[in-house]
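This report refers to the structure that appears directly beneath it.
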Amino acid sequence: MAIDSLPTELWEAILDAIPSSDGFLTPDEHSTLLACRDTCNEWRPHAQFILNQWMRLGSPRAVSAFVSGIRSAPRGGADFVEHLVLDWLGLQGSPGLSQTVDLFMTPMPNLSWLDLHHIRADLSTRVVRMRLPFFAGITFLHCHHCQFSTPRDMLDLIWACPNLDSLVLVECRVLKDSLTPEIVARLSTARRHLHGCGKLRALHINVQAPWMLQSPRDVFGSSIRLLELNVIDFARDGESSHH
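Throughout the sequence shown, residue numbering follows the working numbering, covering 10 to 252 in sequence.
Next comes the structure, spelled out in structure tokens:
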């Protein structure tokens with residue numbers, strides 16, 4: 010059967026089904042959509058529309074090009090982005106988010122899902138505490154193999170999302186994660202002052218940060234209804250604690 014003989018509703022439904030049901034566009038799915046986009050002119054607009062919704066950027070250079078494209082586009086150029094993935098696996102030099110500050114200065118009114126993969130999360134305190142519109146609509150934040158300098162650096166990024174509903178931290182490292190009860194108490198006070206995690210209901214943690222076992226609700230809020238902890242203690246030969 011020729012491609013152009015398929016009903017429009019059918020092949021659009023097929024393209025819509027490519028993204029995973031769990032809300033994450035994998036590299037293979039991204040490649041599949043690119044191939045579909047280039048298959049024929051009829052498929053191109055809808056495939057590109059899906060790719061725009063599930064924007065995946067693989068380097069700081071790609072981020073810069075993306076931001077430049079948005080700023081040169083007509084008004085509302087960023088409105089199509091709903092899911093944004095920054096995945097810097099394999100990049101040399103361990104680039105950090107500090108190289109992409111312009112991205113976070115760009116409002117994306119429909120952005121609800123942010124994935125950070127293999128990234129050094131080194132945004133300055135000034136940036137993450139500015140209550141930027143970029144973070145306003147994010148309800149799901151997923152950090153995978155990310156590195157933070159201190160617990161406060163990690164929490165500032167999380168607290169910057171006032172409508173965050175679900176947080177996933179997988180195999181992330183906090184370099185300076187030795188916290189006393191007094192420091193945890195100060196972080197809890199800071200969270201309340203900044204109204205951080207006021208709407209967070211689901212928390213999934215699999216990270217190297219034993220302090221999270223002490224009292225996660227102190228720093229992640231009291232609205233949590235679903236809590237899953239698997240904290241990796243590298244000091245004990247990679248053993249994990251499950252709670």
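Ideal Cβ placement from N, Cα and C applies to all residues, glycine included.
Predicted, not measured: the structure shown is a model, and the values here were computed from it.
Query raised in the report: Can you tell me whether Pro28 is buried or exposed, with buried defined as 16 or more other CB within 10 angstroms of its CB?
Result: Taking every protein chain shown into account, the CB of Pro28 has 16 or more other CB atoms within 10 angstroms, so this residue is buried.
Query raised in the report: Quick one, which of Gly102, Asn119, His202 and Asp111 has its alpha-carbon nearest Arg129's?
Result: Ranked by Cα distance from Arg129, the first of Gly102, Asn119, His202 and Asp111 is Gly102.
Requested in this report: Report yes if the C-beta distance between Asp174 and Ala145 is below 8 Å; otherwise report no.
Outcome: No. Outside cutoff.
Query raised in the report: When you compare each of Thr41, Asn50 and Leu43 to Thr17 by their alpha carbons, which one comes out closest?
Result: That would be Asn50, whose Cα lies nearest to the Cα of Thr17.
**Report entry** Secondary structure, beta strand (DSSP E): runs of 3+ residues fully inside the stretch 96–174
**Finding:** DSSP runs (the beta strand (DSSP E)) wholly in the stretch 96–174: 122–126 and 149–153.
Report task. Give the range of the beta strand (DSSP E) segment to which Trp63 is assigned. Result -> Taken as a continuous stretch (DSSP letters only), the beta strand (DSSP E) holding Trp63 covers Trp63 to Leu66.
Query raised in the report: Would you say the stretch 176–183 touches the stretch 116–123, given that touching needs at least three Cβ pairs under 8 Å?
Result: No, because fewer than three Cβ pairs between the stretch 176–183 and the stretch 116–123 fall closer than 8 Å, the two stretches do not touch.
Query raised in the report: Going by the C-beta, is Leu66 closer than 7 Å to any heavy atom of the ligand ATP?
Result: Summarising the ligand content, the structure contains no ligands, and the ligand ATP is consequently not present.
Query raised in the report: Between the C-alpha atoms of Val136 and Trp168, what's the straight-line distance to the nearest angstrom?
Result: Those two C-alpha atoms are separated by around 12 Å.
Query raised in the report: Residue range of the alpha helix (DSSP H) that His204 falls in?
Result: DSSP places His204 in no alpha helix (DSSP H); its state is neither H nor E.
Report task. Compute the distance between the beta-carbons of Leu209 and Ile233, then report whether it is under 8 Å. Result -> A contact, by the Cβ cut-off of 8 Å.
Query raised in the report: What's the gap between the Cα of Glu237 and the Cα of Leu150?
Result: So the two alpha carbons sit approximately 15 Å from each other.
**Report entry** Host alpha helix (DSSP H) of Ile23 (start-end)
**Finding:** That run of the alpha helix (DSSP H) goes Thr17 to Asp25.
Query - Boundaries (first-last residue) of the alpha helix (DSSP H) holding Val90 - result: Val90: not part of any alpha helix (DSSP H); DSSP gives it neither H nor E.
Query raised in the report: Can you name the residues that DSSP bridges to Ile192?
Result: Beta-bridge pairing links Ile192 to no other residue.
Requested in this report: Would you identify the three-state DSSP class for Glu51, choosing helix, strand or coil?
Outcome: Residue state for Glu51 is assigned as coil, using DSSP reduced to three classes.
Query raised in the report: Among residues of its own chain, excluding the 5 on either side of Trp52, which ones have a beta-carbon nearer than 6 Å to its beta-carbon?
Result: Cβ within range, chain order: Cys45.
**Report entry** alpha helix (DSSP H) segment containing Pro225, residue limits
**Finding:** It spans Pro225 to Phe229 - the alpha helix (DSSP H) in which Pro225 sits, taken as one unbroken run.
Query raised in the report: What did DSSP end up calling Ala82 once you bin it into helix, strand or coil?
Result: In this structure, Ala82 counts as coil in the three-state DSSP scheme.
Query raised in the report: Could you give the distance in angstroms between the alpha-carbon of Cys206 and the alpha-carbon of Cys155?
Result: Looking at the two C-alpha atoms, the distance is approximately 20 Å.
Report task. State the beta-bridge partners of Val183 as determined by DSSP. Result -> Val183 is bridged by DSSP to Phe157.
**Report entry** Residue burial classification, Ala82 (beta-carbon count within 10 angstroms, cutoff 16)
**Finding:** When all chains shown are included, Ala82 counts as exposed.
Requested in this report: Measure the CB-CB distance between His55 and Glu21 and report whether it falls below 8 Å.
Outcome: Going by C-beta atoms, His55 is nearer than 8 Å to Glu21.
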